[in-house]
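Numbering (my numbering), first residue to last: 564 to 749.
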């Protein structure tokens, strides 16, 4: 990966939480990196219902952001639901794409949703407004988010997305270990 100080990273979102997560990770590696937020559509709806849709939404955001910007990398971030035997989880996904079409995906972990919230979602409610009600905070998805509210701030939404971005960057940061990025081709 080119470590030029003029590295531009397009982020497929204007959500300040997602932008901060990418900025925080990218500037550790490339201190002078420029982060360019771009409003794009995930193609999977406002709350993806499973991990494959979450990954697909993150990848779609990354690809669209890269194609709309004169950037070196595109990053997409997507929260998604994941039904498991023990209950409904929320997960954070990140995808990174480069100009050659290589991509990699990372996950920032999953947190089990309380039964009351999970049931409301299964009945058609959206997670963000539900967390707003429980937390008393307006537009919580641009602040602590579900992860931050449920963990009392220990793991904020920014932190979960930071982890996902860092994991998605691994093949680009260690290409000697991943082969030709061992990243996937479209």
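The beta-carbon is built from N, C-alpha and C at its ideal position, and this holds for glycine as well.
Beta strand (DSSP E) segment containing residue i, residue limits
i           : result
residue 653 : 650-661
residue 642 : 636-647
residue 727 : Not the beta strand (DSSP E): residue 727 falls in the alpha helix (DSSP H), residues 720-736.
residue 573 : 571-574
Sequence-distant residues of the same chain with beta carbon closer than 6 Å to residue i, five excluded per side
i           : result
residue 668 : 618, 658 and 731
residue 586 : 598
residue 694 : 703, 709 and 712
residue 740 : none
Alpha-carbon spacing of residue i relative to residue j, whole angstroms
i           : j           : result
residue 680 : residue 666 : 33 Å
residue 577 : residue 720 : 15 Å
residue 588 : residue 729 : 6 Å
residue 662 : residue 701 : 37 Å
residue 570 : residue 682 : 44 Å
residue 737 : residue 584 : 20 Å
residue 717 : residue 664 : 36 Å
residue 593 : residue 690 : 34 Å
residue 692 : residue 608 : 15 Å
residue 575 : residue 605 : 8 Å
residue 573 : residue 644 : 25 Å
residue 579 : residue 722 : 13 Å
residue 698 : residue 590 : 31 Å
Burial state of residue i (16 or more Cβ within 10 Å)
i           : result
residue 734 : buried
residue 623 : buried
residue 611 : buried
residue 742 : exposed
Residue range of the unbroken alpha helix (DSSP H) whose run includes residue i
i           : result
residue 602 : Careful: residue 602 lies outside any alpha helix (DSSP H) and carries neither H nor E.
residue 672 : No alpha helix (DSSP H) contains residue 672, which is instead part of the beta strand (DSSP E) from 666-675.
residue 696 : 690-698
residue 618 : 614-631
residue 678 : 678-685
residue 711 : 708-713
residue 581 : 579-592
Close beta carbons around residue i, own chain, < 7 Å, minus the five adjacent residues each side
i           : result
residue 686 : none
residue 797 : Nothing in the structure corresponds to residue 797, since the chain is present only between 564 and 749.
residue 724 : 580, 581, 584, 640, 655, 657 and 671
Beta carbon proximity, residue i to chain D, threshold 9 Å
i           : result
residue 689 : Considering every chain present, this structure includes no chain D. It has just one protein chain.
Are three or more beta carbon pairs between the region 671-685 and the region 647-656 nearer than 8 Å? The region 671-685 is in contact with the region 647-656.
Are three or more beta carbon pairs between the region 588-601 and the region 627-643 nearer than 8 Å? Enough Cβ pairs lie closer than 8 Å, so yes.
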